[in-house]
């Protein structure tokens, strides 16, 4: 009996053409970021990436450009052409920086990608539009892409044009509704806490639910470091693809969480209409500037990274490690929020003494319900703001010291 057809489906993580990466592209050509990985990228008949930066549309007001935004140095058409030339077919745009140049930047970037012949997933004028499955056919196999991003400190629950919001109930509903439209359903998730070796407990639980709903492949990104891969039933779950084209060294925020922000992989999967048959990881390293672009690791570095990736896979099977890492990350987030409002207690003290009184004692819990109602009323008013040229601007500001 003849073997049923399959293809090599490739996937990489975060791609951004901002800051030093964009400067290098202006100096060396738009294809510069992908040159060293091109022989490996070319192995994929279908290639997916996460679009982390946005491009400015013509006429964008100079005084509205966010200096901290992930905004491409090159034009939108040039960036899109570089991705197409490198072999990319599908780009996720459901990411936390998608409104860094407002809704105008989001729509312009998406249109530039489409004009270059790329399929774009995860953004729209409404949630219904953003949640639409994108279909791609290769070698007789139909792939359907559903793309989502967790609500975050950049989008802040906006109800206007944005990325599709990641909610496990929504994703499960979309997977089940679209199951008959594609041979292979790929779910893209931009979510979770950054710089963790393992996913959060909720994301693991939710990923299993999405797999059980009928997803064949789950590709996750946003942590900026690689995480493990597991098979849940017939579904391959890659919990974080890590950085691919990103300023892993020249950006202080990345560098201080290194070295794993400069390590990732190209995921290559042999996929037939019946699902994932096998997969491999091509280890990737991002050197220091001026060569701050992905290179295929070789020699001892390659072997070391392959060993590390195997260790990450093993961590997924250790509930104690996953829970410990998640608890540590949650406390880190709480500590950062307390610092922003100048709270005198630390995270441990808050968890030990204050939070139980607020949420576990009945009379206080009732009052906290009213506090949350008041917060929601103000928040709903805020989300109706104009985001044409900038992401939602609300931020908790750290209290100034007298």
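Residue numbers (my numbering): -3 to 398.
The beta carbon of each residue, even a glycine, is placed where N, CA and C say it ideally should be.
Next item on the list: Taking 8 Å as the cut-off, decide whether the C-beta atoms of residue 60 and residue 18 are in contact.
Entry: no
Quick check on this structure: which residue in 342, 263, 302, 124 has the alpha carbon closest to the alpha carbon of residue 40?
263
Legend entry - Closest by C-alpha distance to residue 163, when choosing among 189, 131, 198, 42: In terms of CA proximity to residue 163, 198 leads the group 189, 131, 198, 42.
Using CA atoms only, rank isn't needed, just tell me which of 134, 138, 153 is closest to residue 122.
The shortest C-alpha separation from residue 122 is found at 153.
First and last residue of the beta strand (DSSP E) that includes residue 2?
2 to 11
Note to self: Need the endpoints of the beta strand (DSSP E) that residue 115 sits in, please.
What the structure shows: 115 to 117
Own chain, CB closer than 6 Å to residue 250, minus 5 neighbours either side, in chain order:
Answer for residue 250: 244, 257, listed in chain order.
* Every unbroken alpha helix (DSSP H) inside the region 203 to 288 [4 residues or more] -> 248 to 251
Are the Cβ atoms of residue 149 and residue 88 separated by less than 8 Å?
no
*May I have a chain-ordered list of the beta strand (DSSP E) segments no shorter than 3 residues that lie completely inside the region 59 to 96?*
86 to 88
>> Looking only at its chain, what residues have a beta carbon closer than 8 Å to the beta carbon of residue 291, apart from the 5 residues adjacent to it on each side?
In response: 32, 33, 280, 281, 282, 283
Got a sec, what are the start and stop residues for the beta strand (DSSP E) residue 131 sits in?
130 to 134
Exercise for review: Compute the distance between the beta-carbons of residue 171 and residue 118, then report whether it is under 8 Å.
Suggested key: Inclusion of residue 171 and residue 118 in the CB contact set at 8 Å is not warranted, their separation being larger than that value.
* Asked: Do residue 196 and residue 233 have their C-beta atoms closer together than 8 Å?
  -> Using a Cβ distance threshold of 8 Å, residue 196 and residue 233 do not count as a contacting pair.
According to DSSP, is residue 368 helix, strand or coil?
Secondary structure of residue 368 (DSSP, three-state): helix.
Sorted by chain position, which residues of the same chain lie with C-beta nearer than 6 Å to residue 155's C-beta, five sequence neighbours on each side aside?
379
- Query: If we ignore side chains and look at the alpha-carbon of each, how far apart do residue 91 and residue 160 end up?
  - Reply: 9 Å
request  = Give the C-beta separation of residue 220 and residue 190 to the nearest angstrom, bearing in mind that I take them to be a contact with Cβ-Cβ under 8 Å.
outcome  = 5 Å
* Asked: Out of curiosity, what's the CA-to-CA distance linking residue 79 and residue 214?
  -> 22 Å
Q: Give a yes or no on whether the C-beta atoms belonging to residue 67 and residue 38 are separated by under 8 Å.
A: no
Between residue 193 and residue 224, what straight-line distance do the alpha-carbon atoms span, to the nearest angstrom? 8 Å
- Task: Return the chain-ordered list of same chain residues with a C-beta closer than 6 Å to the C-beta of residue 437, the five sequence neighbours on each side being excluded.
- Result: Here the chain covers residues -3 to 398 and nothing more, so residue 437 does not appear.
- Query: So which of 323, 139, 246 has the shortest CA-CA distance to residue 178?
  - Reply: Comparing C-alpha distances from residue 178 to each of 323, 139, 246 shows the shortest one belongs to 139.
So what does residue 139 bridge to, in DSSP terms?
Partner(s): 132, 180.
Need the endpoints of the alpha helix (DSSP H) that residue 33 sits in, please. Where residue 33 is concerned, there is no enclosing alpha helix (DSSP H), given that its DSSP letter is neither H nor E.
- Query: What are the boundary residues of the beta strand (DSSP E) that includes residue 46?
  - Reply: 42 to 47
Original post:
What residues are listed by DSSP as bridge partners for residue 292?
Top reply: 280
Check your understanding: Hey, residue 238 and residue 255: beta-carbon distance below 8 Å or not?
Key -> no
Exercise. Would you give the residue range spanned by the alpha helix (DSSP H) that residue 172 belongs to?
Key: 164 to 174
From which residue to which residue does the alpha helix (DSSP H) around residue 101 run? That run of the alpha helix (DSSP H) goes 98 to 111.
Under 8 Å between the Cβ atoms of residue 167 and residue 144? yes
Original post:
Do residue 137 and residue 269 have their CB atoms nearer than 8 Å?
Top reply: yes
Give the secondary structure of residue 197 by DSSP, where H, G and I count as helix, E and B as strand, and everything else as coil.
-> If DSSP states are grouped into helix, strand and coil, residue 197 belongs with the helices.
| message | Distance check for residue 315 and residue 391, CA to CA, integer angstroms please. | response | Low confidence applies to residue 391: its pLDDT is 46, below 50, so where it sits in the model is not reliable enough to give any reading.
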